[in-house]
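As you go down the protein sequences, you meet chains A and B in turn.
First residue of the first sequence: 1, per our numbering; consecutive thereafter.
First residue of the second sequence: 304, per our numbering; consecutive thereafter.
Don't be surprised by glycine CBs; every beta carbon is placed ideally from N, CA and C.
Below is one structure, written out as structure tokens, with a few remarks after it.
There are 2 protein chains.
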Amino acid sequence: MAKFHDNRLRYLAEAIRAGTMRAASENLNVAPSSISRQIAQLEAELGVPLIERNRSPLKLTEAGELALSYFREFATQQEVFISQVRDLRGLRGGTVRLAVGEALIGDLLLDTLDRFMSQFPEIRVFIRTAGTGAVVGLVLEDEAHMGMVFQPEPDAKIRVRASSDQPMKVIVRPGHPLSKRGSVRLCDLEGERLALPEASFRIRQVLRDAESEEQINLTPVLVSNSLMVLKEFARSGSGITILPVIAAHSEIADGSLHAVPIDQPALMHTSASVVTRLGRQLPVAAVRLLQKIEATMPFLPAP
Amino acid sequence: MAKFHDNRLRYLAEAIRAGTMRAASENLNVAPSSISRQIAQLEAELGVPLIERNRSPLKLTEAGELALSYFREFATQQEVFISQVRDLRGLRGGTVRLAVGEALIGDLLLDTLDRFMSQFPEIRVFIRTAGTGAVVGLVLEDEAHMGMVFQPEPDAKIRVRASSDQPMKVIVRPGHPLSKRGSVRLCDLEGERLALPEASFRIRQVLRDAESEEQINLTPVLVSNSLMVLKEFARSGSGITILPVIAAHSEIADGSLHAVPIDQPALMHTSASVVTRLGRQLPVAAVRLLQKIEATMPFLPAP
DNA sequence: AATTCCGTTGCGTAATTCGCAACATGGAAA
DNA sequence: TTTCCATGTTGCGAATTACGCAACGGAATT
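This is the structure we're talking about:
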């Protein structure tokens with residue numbers, strides 16, 4: 001009977017992640033020879049090559065892909081198990097790895113995170129911010145337990161645990177002519193000095209869809225990869241920007257910015273979601289954080 | 304980081320299954336000392352006792368239950384993985400373990416199984432017959448990949464993959480007075496000489512529910528744990544019996560027995576189901592058999 | 001009180017895995 | 001083309017780990 005000493009697969013996974021066996025050997029603090037041997041031995045046991053030889057960076061064969069996804073499943077299961085045991089011992093520790101889209105990393109999230117961490121002081125939290133696509137990738141590869149993203153594209157391997165409406169609105173300085181209006185249409189903005197995120201941002205993609213539906217073309221005068229810059233641009237009165245409300249939550253709350261609804265279906269029905277990989281069990285610590293987020297933030301449980 | 308050399312958990316699982324470490328040591332062909340040591344070491348790594356000492360047969364602690372169910376998950380995942388690799392190598396082999404309720408083990412199943420086995424000659428099939436409850440138990444403990452049962456009780460951990468209506472009917476010899484009628488009511492049978500399965504059979508339990516709804520009491524003159532005996536009793540003309548139609552499928556098809564519908568909701572809406580453990584992935588071989596069963600037998604895909 | 005079956009522990013042995021070093025190979029730069 | 005650098009692979013001795021055998025202590029049964 002095969003004995004998949006977990007090291008075999010772990011070495012394989014790290015070798016792929018790092019690109020070369022030698023890099024993996026440093027990350028894992030083992031000799032390169034061990035990596036090579038264990039992978040070769042695993043191939044012998046399975047009777048199938050797992051990596052394509054004579055290539056750099058390392059590339060998996062079809063069987064290798066199977067092995068890697070099996071290892072990921074195995075690893076998350078083990079993580080859940082040891083987490084449950086720890087919890088049963090009364091040790092309330094644990095680790096949560098969270099990936100957050102740029103638009104959502106604001107006071108709203110940080111406040112609930114603060115409360116969470118003071119309620120469970122032993123739980124360590126890792127937060128990684130990235131673009132929507134990268135966040136989804138981190139979740140799919142089990143490098144993050146949960147992801148919080150704005151308007152993720154539907155994906156069969158992604159499970160939406162919670163989601164809340166986050167319409168995109170025009171963000172203006174109080175006193176700006178537009179701030180008087182109850183709502184604006186997209187074409188009303190054509191004359192305005194507009195600041196927008198870079199084209200890679202999901203916010204921008206959603207906006208582009210709306211533009212083509214309205215058959216107009218918005219050309220920004222300022223483009224940035226920092227939402228802070230966009231908001232500062234609006235606050236200074238130099239012009240306006242368009243963001244999901246959560247991205248400017250605190251500024252809207254303290255009155256330094258004002259949000260005007262846009263009368264455009266594609267922009268009104270956007271939402272922010274908490275997502276996990278489909279089929280993945282979460283460690284106890286992650287479950288607690290998820291519950292906290294569902295309870296504290298204006299998120300509604302998914303159907 | 305913990306290294307759960309799979310042996311540790313395998314020894315624990317077998318020790319529990321067998322009841323004592325010594326019995327497990329014989330089943331696994333290892334010294335009893337190894338069993339004891341590996342379990343002790345696992346406990347040390349986890350920091351939690353897994354079995355209650357000074358007890359015979361061995362009993363798991365709460366953490367032990369966690370460990371065992373983790374091991375089961377791990378084992379089925381590994382099985383799926385090696386099965387996928389085998390399949391990818393072009394070796395069409397594999398093993399399917401099937402648990403079948405007594406009422407369903409008839410020509411219908413055996414014929415489709417025959418066709419399946421000649422289409423995939425390299426796949427080995429294990430069939431185990433048992434009562435409805437035992438079949439469900441085998442599925443829940445991963446000792447069978449799939450179970451085929453008559454009217455299983457709803458269970459949160461059980462997933463119904465397919466199911467077909469299998470009403471219970473009166474089984475009589477052709478020419479019997481009842482065989483002329485299009486349907487009978489339960490009270491019509493009170494005077495008849497009746498043969499029924501033992502009280503432990505699910506068939507009998509369903510029937511009992513129907514009796515109390517109609518407020519009558521059927522007393523059999525013959526009780527057996529063999530459905531064959533009941534059918535022979537009816538065929539000889541000594542009396543009648545009540546069975547789901549699938550249990551007498553071949554006899555009804557060749558005309559040696561006749562089935563008369565019973566006008567009683569609880570008996571008309573019974574069904575037979577193919578079930579698996581919720582969340583369990585199936586090896587390729589098992590998937591193939593499942594597809595065959597869905598396609599060939601009068602089963603409809605579950606919603 | 002004697003017996004039996006159980007789990008546990010000490011100790012020497014066998015099997016795996018590892019690190020170090022030398023070797024083979026392939027692609028990029030000179 | 002040749003040189004050179006980084007990578008994967010293999011040989012060998014050391015370290016770690018799992019194992020079998022035998023003896024021991026405890027609990028239940030006869």
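Limits of the beta strand (DSSP E) - the one that residue i falls within
{"i": "residue 275 of chain A", "result": "271 to 277"}
{"i": "residue 280 of chain A", "result": "From DSSP, residue 280 of chain A is part of no beta strand (DSSP E); its letter is neither H nor E."}
{"i": "residue 429 of chain B", "result": "426 to 433"}
{"i": "residue 150 of chain A", "result": "146 to 150"}
Beta-carbon contacts of residue i that lie in its chain and below 7 Å, excluding the five residues immediately before and after
{"i": "residue 605 of chain B", "result": "For residue 605 of chain B, the predicted structure reports a pLDDT of 37, less than 50, and the residue's modelled location is therefore unreliable. The matter cannot be settled from this model."}
{"i": "residue 423 of chain B", "result": "395 and 591"}
{"i": "residue 334 of chain B", "result": "328"}
{"i": "residue 271 of chain A", "result": "151, 163, 164, 165 and 166"}
{"i": "residue 233 of chain A", "result": "195, 222, 239 and 241"}
{"i": "residue 419 of chain B", "result": "592 and 595"}
{"i": "residue 94 of chain A", "result": "83, 86, 123, 283, 284 and 285"}
{"i": "residue 157 of chain A", "result": "140, 277 and 278"}
{"i": "residue 513 of chain B", "result": "489, 567, 569 and 570"}
{"i": "residue 559 of chain B", "result": "538"}
{"i": "residue 127 of chain A", "result": "98 and 100"}
{"i": "residue 64 of chain A", "result": "50 and 51"}
{"i": "residue 81 of chain A", "result": "none"}
{"i": "residue 421 of chain B", "result": "none"}
Cβ neighbours of residue i in the same chain (closer than 6 Å, five flanking residues each side left out)
{"i": "residue 352 of chain B", "result": "346 and 364"}
{"i": "residue 305 of chain B", "result": "The pLDDT assigned to residue 305 of chain B is 46, lower than 50, so where the model puts this residue is not dependable; a value taken from the coordinates is nonetheless given after this. Result list for residue 305 of chain B: 348, in chain order."}
{"i": "residue 261 of chain A", "result": "169 and 183"}
{"i": "residue 495 of chain B", "result": "543"}
{"i": "residue 138 of chain A", "result": "99 and 144"}
{"i": "residue 105 of chain A", "result": "129"}
{"i": "residue 323 of chain B", "result": "none"}
{"i": "residue 445 of chain B", "result": "375 and 379"}
{"i": "residue 59 of chain A", "result": "52"}
{"i": "residue 540 of chain B", "result": "476"}
{"i": "residue 29 of chain A", "result": "none"}
{"i": "residue 399 of chain B", "result": "428, 448, 588, 589 and 592"}
According to DSSP, residues forming a beta bridge with residue i
{"i": "residue 355 of chain B", "result": "B/362"}
{"i": "residue 158 of chain A", "result": "A/277"}
{"i": "residue 500 of chain B", "result": "B/527"}
{"i": "residue 468 of chain B", "result": "B/574"}
{"i": "residue 171 of chain A", "result": "A/241 and A/259"}
{"i": "residue 96 of chain A", "result": "A/125"}
{"i": "residue 487 of chain B", "result": "B/565"}
{"i": "residue 106 of chain A", "result": "For residue 106 of chain A, which the question treats as bridged, DSSP gives no partner whatsoever."}
{"i": "residue 101 of chain A", "result": "A/130"}
Residues near residue i by beta carbon distance below 8 Å, same chain, minus five either side
{"i": "residue 300 of chain A", "result": "Because residue 300 of chain A sits at a pLDDT of 46, beneath the cut-off of 50, its placement in the model cannot be relied upon, and the following sentence gives the value as read from the coordinates. The answer, listed in chain order, is 162, 163 and 164."}
{"i": "residue 434 of chain B", "result": "404, 405, 503, 504 and 505"}
{"i": "residue 507 of chain B", "result": "499, 500 and 501"}
{"i": "residue 220 of chain A", "result": "194, 195 and 196"}
{"i": "residue 305 of chain A", "result": "Beyond the ends of chain A as shown, which are 1 and 303, falls residue 305 of chain A; an answer cannot be given."}
{"i": "residue 572 of chain B", "result": "468 and 470"}
{"i": "residue 258 of chain A", "result": "171, 172, 173, 174, 176, 179 and 252"}
{"i": "residue 56 of chain A", "result": "19 and 20"}
{"i": "residue 337 of chain B", "result": "314 and 328"}
Span of the alpha helix (DSSP H), counted from its first residue to its last, around residue i
{"i": "residue 249 of chain A", "result": "249 to 253"}
{"i": "residue 31 of chain A", "result": "Per DSSP, residue 31 of chain A belongs to no alpha helix (DSSP H) and is neither H nor E."}
{"i": "residue 7 of chain A", "result": "6 to 18"}
{"i": "residue 512 of chain B", "result": "505 to 517"}
### Query
Is it a yes or a no for the region 264 to 279 of chain A touching the region 112 to 128 of chain A, going by three-plus beta-carbon pairs under 8 Å?
No, the region 264 to 279 of chain A is not in contact with the region 112 to 128 of chain A.
### Task
Report yes or no: do the region 126 to 141 of chain A and the region 249 to 260 of chain A share at least 3 C-beta pairs separated by less than 8 Å?
Contact annotation: the region 126 to 141 of chain A does not touch the region 249 to 260 of chain A, with fewer than three C-beta pairs closer than 8 Å.
### Query
Does the region 478 to 494 of chain B come close enough to the region 511 to 519 of chain B that 3 or more CB-CB pairs lie under 8 Å?
These segments touch.
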